[in-house]
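I have placed the structure first, in the form of structure tokens, so that the comments after it can refer back to it.
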Amino acid sequence: MGTHVIKMPDIGEGIAEVELSQWHVKVGDLVVEDQVLADVMTDKAMVDIPSPVHGKVIALGGQPGEVMAVGSVLISIEVEGAGNLKESAAPAPVKEAPVVAKVEAVVESKPAPAAPRPAAVCQGPMVAREADERPLASPAVRKHALDLGIQLRLVRGSGPAGRVLHEDLESYLAQGQSNASAPVAAAYAQRNDEEQIQVIGMRRKIAQRMQDATQRAAHFSYVEEIDVTAIEELRAHLNEKHGASRGKLTLLPFLVRALVVALRDFPQMNARYDDEAQVITRLGAVHVGVATQSDVGLMVPVVRHAEARSLWDSATEISRLANAARNGKASRDELSGSTITLTSLGALGGIVSTPVLNLPEVAIVGVNKIVERPMVVKGQVVIRKMMNLSSSFDHRVVDGMDAALFIQAIRGLIEQPATLFVE
Amino acid sequence: MQSLNTTLLIIGGGPGGYVTAIRAGQLGIPTILVEGQSLGGTCLNIGCIPSKALIHVAEQFHQTQHHSQHSALGISVSAPSLDISKSVEWKDGIVDRLTTGVAALLKKNKVQVINGWAKVIDGKTVDVGDTRIQCEHLVLATGSTSVNLPILPIGGPIISSTEALAPKSVPKRLVVVGGGYIGLELGIAYRKLGAEVSVVEAQDRILPAYDAELTQPVHDALKQLGVKLYLKHSVLGFDGTLQVRDPEGETLNLETDQVLVAVGRKPNTQGWNLEALNLDMNGSAIKIDSRCQTSMRNVYAIGDLSGEPMLAHRAMTQGEMVAELISGKTREFSPTAIAAVCFTDPELVVVGKTPDEAKAAGLDCIVSSFPFAANGRAMTLESKSGFVRVVARRDNHVIVGWQAVGVGVSELSTAFAQSLEMGARLEDIGGTIHAHPTLGEAVQEAALRALGHALHL
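Protein chains in written order, with my numbering: chain X, 53 to 475; chain B, 15 to 471.
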């Protein structure tokens, strides 16, 4: 049995301190490789710390909220085998350096012969340097490394005394890329540039919410194929007849209507799950979040009381909200309070998607693209307009059977559009 | 109340502040700089530059006087006289040219300069008079001030370096309290200008920040100039004469016309409502990280305000970096070494680790020096004292430090700093052809001697 110590990693950009946000394990827990142990946060990003080993947690290095220095011990895990912590972790004995009093006594000396350079093929990207050892590199190389986002201490220095040269930065970047040695045209030239974009503001918020959702909820996705020929005919007809006076309809208001009708029989899908209080709140009102892409990222404006809206009413509200969200004019109220979410990439909808829940909701319905396909209807191959619905549910509180029945209900409503309006 | 908006606001127009502003201007960042006195700060107005001017006057006068008595060079001149008001006028001319130059550079880079005392309201708001300035990034660069001794309040015959740099007359007798670089630079200059100079220092040697071997040539030069040293003496007070206590506890009365207090500098944290920010401190300085960031987001502190080493060139580099950080670049303040120069006579320069520091860092080092007594160029400059010393790792010969003492060695700081930043080994310096005859040959020879084969020794 040995002890494997995980230190607070250097997340980069010279950040010396990192806030420990949350533990996902406690002392005594058995952890497996890649299991998330903790979340840590810098002022720029939230980062998962996965376990590199199997073992048992024997000590935690700090409390959530604690700001820890990079390199300090985050967690100790008891592992089979030797671990990475020496039993006697005493500092290496410091030899009393002989005082060089008489320089004359220094005989003509040569630097210690450098270790034979390893063959190029076995040069790993990592270079063992002490944590506080400063890599030898000129100011220009150091600046270039900062610009490229490279941690110099990881770069093998090929210069005298291990000095890191510009060439070393280049070869470090090139590692892992195809080693095409033949001359290539400019269009096929290797590119080693990197661009760093700070995750801040809206993007950071989205990142946190998505990460939160995927960590907390037990996502499962269910995909069903729906024949939308009939509803598309209805839509075309309505647009032809009323488009000029009432506005054009997209498929979204029909889907909102289908949700409203289906939810009457599946109230568990129109709910919020407070996992800390362990309470599920089922809601009578159907507030449909409509995922919308804006310049700054994903936003989810909310169509309130969809159960009380006609097709055109929903359509008008969806387009008003989408514009408001895209222009950054949407109010806080308009961006919160949904009970179920609809997500659509429109023409880019693809065949299947796995939507991420908009917590604390328990269901999200994703719309894929409509394509014409040969289908077998009553023994005949006919061309039908087909569309997939890709939906995700929180399996903690939604059973698979219920989810499947819910989607089948939606399918039934859409394939027989009249049933959307039969009370 | 007038209100202004800007991206970057800098408080303090010294070397740190004005360089931040110039670089920010180059990068297209809307910038306002607030300065309460004169652009250029301590460095240009009452520090580095005027002291070097006064030292030059003193040296020229001293040389002429030397030749009027017994010139080995065969020069004969009549005894010189000094019109110190003209000297000060000449010095002021240099200061004016430099500060005007700074103003022009700021203007060229579209930096708005506001004259007045800043009062910090919060991390994004600063008042100057009845103008309120809102900013996204705030750079604090208020520099440092002389440390005062309560028992020797500045006034009348008791002066600080500021008064010493603008003398109306040269006192017959001057006692310098403090044997650090400021006290010695000015003490030597005043001695050369004709004053009888004494230096009172509480520790057992001058320039206590540096090792004894390095300061010995300065010590010898002071003796030769006739500067009296009162080492291990502490100041008790002043009532017409300066009372000091000698190591045995006896009180001495030093007759003097002026007392120059030069006991160090401290970060200038008072009088501009810094308290409003409630920043984390590091002693009397503002605590910063490797990107000069304080404990408050988007508030930076640079230069003397952020503590030791209080050097203009450090402040400038920090300022340049902060401007680039604000423009979105990835930067870090991580020099291998920052050169420190004392413009005493002889000059003294320290870059990187001294032998003691290298030892304390657990490095097994070769230490080697080469004396200017064996350097032809030094002889032609009538300079025989001093040496260049190199400190290099024994295992791979990477140089970790340089020190030198001697006439004109301040200019060697460039070569020293460059070799450290480039990660040079002894062989690199030994293998570089150094022009003959120059003082720089001693640099090459020190490296060769560390390798066991100096040529001229």
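For every residue, glycine included, the Cβ atom is placed at its ideal position computed from N, Cα and C.
- Around the Cβ of Gly454 (chain B), a 10 Å sphere holds 16 or more other Cβ atoms; the residue is buried.
- Pairing Thr358 (chain B) with Leu319 (chain B), the inter-Cα distance amounts to about 25 Å.
- Taking the CA atoms as reference points, Val408 (chain X) sits about 9 Å from Phe445 (chain X).
- Contact between the region 312-326 of chain B and the region 198-205 of chain B is not established, with fewer than three Cβ pairs separated by less than 8 Å.
- Listed in chain order, the positions of the region 393-411 of chain B with a beta carbon within less than 9 Å of a beta carbon of chain X are Arg407, Arg408, Asp409, Asn410 and His411.
- Residues of chain B whose Cβ lies closer than 8 Å to the Cβ of Ser190 (chain X) are, in chain order, Glu435, Met436 and Gly437.
- Collapsing the DSSP output to three states places Tyr224 (chain B) in coil.
- With fewer than 16 other beta carbons inside 10 angstroms of its own, Gln468 (chain X) counts as exposed.
- Remark: three or more beta-carbon pairs, one from each stretch, lie closer than 8 Å, so the region 265-282 of chain B and the region 153-168 of chain B are flagged as touching.
- Pairing Ala382 (chain X) with Ala376 (chain X) gives a Cβ-Cβ distance under 7 Å.
- Residues of the region 225-244 of chain B with a Cβ closer than 9 Å to any Cβ of chain X: none.
- Within 8 Å of the CB of Gln248 (chain X), the CB atoms of chain B belong to Thr344, in sequence order along the chain.
- Apart from the 5 residues on each side of it in sequence, Val119 (chain X) sits with its Cβ closer than 6 Å to the Cβ of Glu69 and Glu71 in its chain, given in chain order.
- The beta-carbon separation of Ser405 (chain X) and Ser442 (chain X), rounded to 5 Å, stays under the 8 Å limit for a contact.
- Distance from the Cα of Lys108 (chain X) is smallest, within the candidate group X:Val84, X:Asn136, X:Arg268 and X:Glu424, for X:Val84.
- Beta-bridge partners assigned by DSSP to Thr344 (chain B): none are found.
- Nearest to Val428 (chain X) by alpha-carbon distance, out of X:Lys421, X:Arg436 and X:Ile422, is X:Arg436.
- Residues Tyr195 and Leu362 of the same chain have their beta carbon placed closer than 6 Å to that of Cys356 (chain B), with the five preceding and five following residues left out of the count.
- A residue is called buried when at least 16 other Cβ atoms come within 10 angstroms of its Cβ; Ile147 (chain B) meets this threshold and is buried.
- At a Cβ-Cβ threshold of 7 Å, Pro64 (chain B) and Leu207 (chain B) do not count as neighbours.
- The beta carbon of Pro469 (chain X) sits no closer than 7 Å to any beta carbon of chain B.
- For Asp220 (chain X), there are no neighbours in chain B by C-beta distance under 9 Å, as the nearest C-beta there is about 12 Å away.
- The three-state reading of DSSP puts Phe357 (chain B) in coil, since its state is none of H, G, I, E or B.
- Leaving aside the five residues that flank Leu266 (chain B) on each side, the residues in its chain whose CB is nearer than 8 Å to its CB run, in chain order, Tyr244, His247, Gln257, Val258, Arg259 and Asp260.
- Contact annotation for Pro212 (chain X) against chain B: Asn410, His411, Val412, Gly437, Ala438, Arg439, Glu441 and Asp442 [CB-CB distance below 9 Å, chain order].
- By the criterion of a C-beta distance shorter than 7 Å, Val134 (chain B) is surrounded in its chain by Val140, Trp286, Asn287, Leu288, Ala290 and Leu291, once the five residues flanking it on both sides are discounted.
- Sequence-ordered contacts of the region 332-344 of chain X with chain B are nonexistent [C-beta pairs closer than 7 Å].
- Boundaries of the alpha helix (DSSP H) around His289 (chain X): Thr281 to Arg298.
- Remark: C-beta atoms of Arg37 (chain B) and Glu435 (chain B) do not approach each other more closely than 7 Å.
- Within 10 angstroms of the beta-carbon of Asn19 (chain B) lie fewer than 16 other beta-carbons, which makes it exposed.
- Taking 8 Å as the Cβ-Cβ cut-off, the region 298-332 of chain B approaches chain X at Asp303, Ser304, Arg305 and Arg311, given in chain order.
- Relative to Asp442 (chain B), the option among B:Val457, B:Pro451, B:Thr452 and B:His450 whose CA is nearest is B:Val457.
- A Cβ-Cβ contact shorter than 7 Å links Glu246 (chain X) with Gly201 (chain X).
- Within the same chain, Ala310 and Ala314 come within 6 Å of Ile462 (chain X) by CB-CB distance, once the 5 residues on both sides are set aside.
- What Leu198 (chain X) touches in chain B, judged by beta-carbon distance under 7 Å, is Thr344, Arg345 and Glu346, going in chain order.
- Leaving aside the five residues that flank Tyr224 (chain X) on each side, the residues in its chain whose CB is nearer than 8 Å to its CB run, in chain order, Pro177, Ile202, Leu206, Val207 and Arg208.
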